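Protein chains in written order, with full-length UniProt numbering: chain A, 1 to 182; chain B, 1 to 265.
We put the beta carbon where it would ideally sit given N, CA and C, even for glycine.
For clarity, every value in this text was computed on a predicted model and none was experimentally measured.
Only one structure is covered here, and it is reproduced in the block below.
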Amino acid sequence: MSKQYGFLIDTDGCYGCKTCAMACKSENNTPANVAWRKVREFRTESPMSQTFITMSCNHCDEPKCAEVCPANTYTKREDGIVVQDHDKCIGCQMCIMACPYDSPSYDPSTGKTSKCNLCVDRLDKGLQPRCVESCPGGVLKFGEISELRKQHAMNWVELEERFAMPDHTITGPNIVIIAKSL
Amino acid sequence: MHQYQFSLVFFTVLTQWALGSILMISLYRAATGGQELNNSKLTAIALWLICGFGSLCSLAHLGNPLQGYYALRGLGSSWMSREVIVFGGINGLTTLWLLTHLVKGKENLQQTLGLITGVCGLAAITMTGQIYYAVEHQPSWHTPLTHIGFVSTALLLGLATLALVLRQSSKEMPAGFRALLTASVVMVFAVTWQLAQITGLELNGVLVWYRVFASLMVGCGLLVMAKSLNLHSTAMVGLAVLLMVSGEIAGRMGFYGSVLGKMPW
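Listed below in structure tokens is the structure:
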């Protein structure tokens, strides 16, 4: 693979406005019950904390969606983007069950599943993904994951424990999450 | 995504019931030198229908069932693709097994085909378990308990159906099969207990307790105690079988609900 794109999410600056999620819907014209990007809220009482984590597809190194899809609709491109051949989707929802990050979204009206494609058309035009461009706090960033990882060294163990996240070694998500230690 | 995925619940439980029953009836006949059983044609038709209806339920799970043939494109990596092929073969085998009951002169093939169908059925059931085992981030699925749980449902319901068929034929269940029934009860209880340790009872406690109540306590209790309670009628054993099927359905709802009911991740 020549490169691998990914996201950086600075939760310390995110105040949960969900503009990224709405911009994604607007850009990709997804139906009302389909969300490619979700903003999740996590609260702890002791110590008191509130954290928002925005997440879409993490374009994993070993995408589970691609492994389990019976219709072989998912492909990992040379630039690391995991894309779906939507026409071939049979709506079995196996990808939803298998994705540790609940990224694919099922649309009952069409009987098909879809997910973030990292705005490939915009990337081809030299633009940023719409969610990144729209973020008013500038806390969502996009780029080659090797560069993003240079900006922040993640403590996966602490993050997974704090936010009950799945084990990152299963799929190798291409994200960097910045979260203050409690 | 719906918490219980009823189409998958009915697909897995009904096919496991039918295939377990075909295996146990064939094993019994093999063990007893090919003893004839009453209503064998009716039993074969009923089991074929249960297996066929269960398999059709899997199609109901698809958002686009008319494009279901695309499910063969992922054979290289997807266990679900492989399951589609295997269950196609299993339904072919159950149809051949049914025909040995309906076509004159083919009765001598019943045992052999029944055993082949039953053994291949257990392999197919194990393969279904592999689909969920492959979901590594879900501890209640990514465990050998998934495979064992599916197989134990097939054995338990298969032996319960054998008890019903034997009751109709006024025959007693041989000691070896009673031991197998005891083993399957222990397996179902152990799997239910262990899964409850993983998932807790907060989410699906009612379903877990109903499974223990219907499948093991009342269902199996009726099968075992019917004679001593002077309730040894076909209707009573039939009721026990239906209770056990309902218990396994509840258990399977709990299996799916343990994962699909606890998003966000």
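List, in order along the chain, the chain B residues whose C-beta lies closer than 7 Å to that of residue i?
{"i": "Gly91 of chain A", "result": "Leu62, Gly63 and Asn64"}
{"i": "Cys116 of chain A", "result": "Near Cys116 of chain A there are no residues of chain B at all, since even the closest Cβ is about 16 Å away, more than 7 Å."}
What's the gap between the Cα of residue i and the Cα of residue j?
{"i": "Asn28 of chain A", "j": "Cys131 of chain A", "result": "11 Å"}
{"i": "Arg167 of chain B", "j": "Ser233 of chain B", "result": "7 Å"}
{"i": "Val82 of chain A", "j": "Ser26 of chain B", "result": "48 Å"}
{"i": "Met94 of chain A", "j": "Thr54 of chain A", "result": "23 Å"}
{"i": "Ser49 of chain A", "j": "Glu160 of chain A", "result": "16 Å"}
{"i": "Pro129 of chain A", "j": "Lys25 of chain A", "result": "12 Å"}
{"i": "Ala179 of chain B", "j": "Leu222 of chain B", "result": "16 Å"}
{"i": "Ser69 of chain A", "j": "Ser246 of chain B", "result": "A quick correction: the sequence has Cys, not Ser, at residue 69 of chain A. Spanning the two alpha carbons is a distance of roughly 31 Å."}
{"i": "Tyr133 of chain B", "j": "Leu162 of chain B", "result": "30 Å"}
{"i": "Ala179 of chain A", "j": "Gly200 of chain B", "result": "30 Å"}
{"i": "Leu207 of chain B", "j": "Arg252 of chain B", "result": "9 Å"}
{"i": "Gly54 of chain B", "j": "Lys115 of chain A", "result": "30 Å"}
{"i": "Cys92 of chain A", "j": "Glu62 of chain A", "result": "20 Å"}
{"i": "Glu144 of chain A", "j": "Thr44 of chain A", "result": "32 Å"}
{"i": "Ser7 of chain B", "j": "Glu147 of chain A", "result": "46 Å"}
{"i": "Pro174 of chain B", "j": "Met24 of chain B", "result": "12 Å"}
{"i": "Val34 of chain A", "j": "Glu133 of chain A", "result": "21 Å"}
{"i": "Leu159 of chain B", "j": "Ser77 of chain B", "result": "34 Å"}
{"i": "Trp17 of chain B", "j": "Leu155 of chain B", "result": "8 Å"}
{"i": "Gln35 of chain B", "j": "Gln67 of chain B", "result": "45 Å"}
{"i": "Gly111 of chain A", "j": "Tyr256 of chain B", "result": "20 Å"}
{"i": "Leu115 of chain B", "j": "Pro166 of chain A", "result": "42 Å"}
{"i": "Leu164 of chain B", "j": "Val237 of chain B", "result": "6 Å"}
{"i": "Thr112 of chain B", "j": "Ala98 of chain A", "result": "39 Å"}
{"i": "Phe163 of chain A", "j": "Thr95 of chain B", "result": "51 Å"}
{"i": "Gln130 of chain B", "j": "Gly138 of chain A", "result": "43 Å"}
{"i": "Gly80 of chain A", "j": "Asn72 of chain A", "result": "17 Å"}
Can you list the residues of chain A that residue i reaches, using a CB-CB cut of under 9 Å?
{"i": "Glu136 of chain B", "result": "Lys64, Ala98, Pro100, Pro166, Asp167, Ile170 and Thr171"}
{"i": "Val103 of chain B", "result": "None at all; the shortest Cβ gap to chain A is about 35 Å."}
Hey, does residue i have any beta-carbon neighbour from chain B nearer than 8 Å?
{"i": "Cys131 of chain A", "result": "no"}
{"i": "Met94 of chain A", "result": "yes"}
{"i": "Lys18 of chain A", "result": "no"}
{"i": "Val68 of chain A", "result": "yes"}
{"i": "Lys88 of chain A", "result": "yes"}
What residues are listed by DSSP as bridge partners for residue i?
{"i": "Glu41 of chain A", "result": "A:Phe52"}
{"i": "Val176 of chain A", "result": "A:Leu8"}
{"i": "Thr75 of chain A", "result": "A:Val83"}
Taking only beta-carbon atoms, is residue i less than 8 Å away from chain A?
{"i": "Gly68 of chain B", "result": "yes"}
{"i": "Met244 of chain B", "result": "no"}
{"i": "Gly74 of chain B", "result": "yes"}
{"i": "Met253 of chain B", "result": "no"}
{"i": "Ser78 of chain B", "result": "yes"}
{"i": "Ala18 of chain B", "result": "no"}
{"i": "Val84 of chain B", "result": "yes"}
{"i": "Val9 of chain B", "result": "no"}
Just the chain B side, please: which residues come within less than 8 Å of residue i by C-beta, in chain order?
{"i": "residue 184 of chain A", "result": "No answer is possible for residue 184 of chain A: the residues shown for chain A start at 1 and end at 182."}
Run through chain A and tell me which residues come within less than 7 Å of residue i, C-beta to C-beta.
{"i": "Trp265 of chain B", "result": "Pro100, Tyr101, Asp102, Ala164, Met165 and Pro166"}
{"i": "Ser81 of chain B", "result": "Pro70"}
Please list the partners that residue i has in chain A, where partner means a Cβ-to-Cβ separation under 8 Å.
{"i": "Ala71 of chain B", "result": "Pro70, Ala71, Ile90 and Cys92"}
{"i": "Val259 of chain B", "result": "Met97"}
For a cutoff of 8 Å on Cβ pairs, would you count residue i as touching chain D?
{"i": "Ser114 of chain A", "result": "In the displayed structure, chain D is absent; the protein chains listed are A and B."}
Does the ligand GDP have even one heavy atom less than 7 Å from the beta-carbon of residue i?
{"i": "Ala98 of chain A", "result": "By its list of ligands, the structure shown contains no ligand whatsoever, and the ligand GDP lies outside what it can speak to."}
Which ranges does the alpha helix (DSSP H) cover as unbroken runs of at least 4 residues, wholly within the stretch 48-120 of chain B, from first to last along the chain? For the stretch 48-120 of chain B, whole alpha helix (DSSP H) runs of length 4 or above, ordered along the chain, are 79-102.
Write down every uninterrupted run of the alpha helix (DSSP H) in the stretch 82-156 of chain A whose length is 4 residues or greater and which is fully enclosed by it, in chain order. For the stretch 82-156 of chain A, whole alpha helix (DSSP H) runs of length 4 or above, ordered along the chain, are 94-98, 120-124, 130-134 and 145-151.
Can you list the alpha helix (DSSP H) stretches of 4 or more residues lying completely in the stretch 133-182 of chain B, in chain order? Along the length of the stretch 133-182 of chain B, whole alpha helix (DSSP H) runs at least 4 residues long occupy 144-168, reported in chain order.
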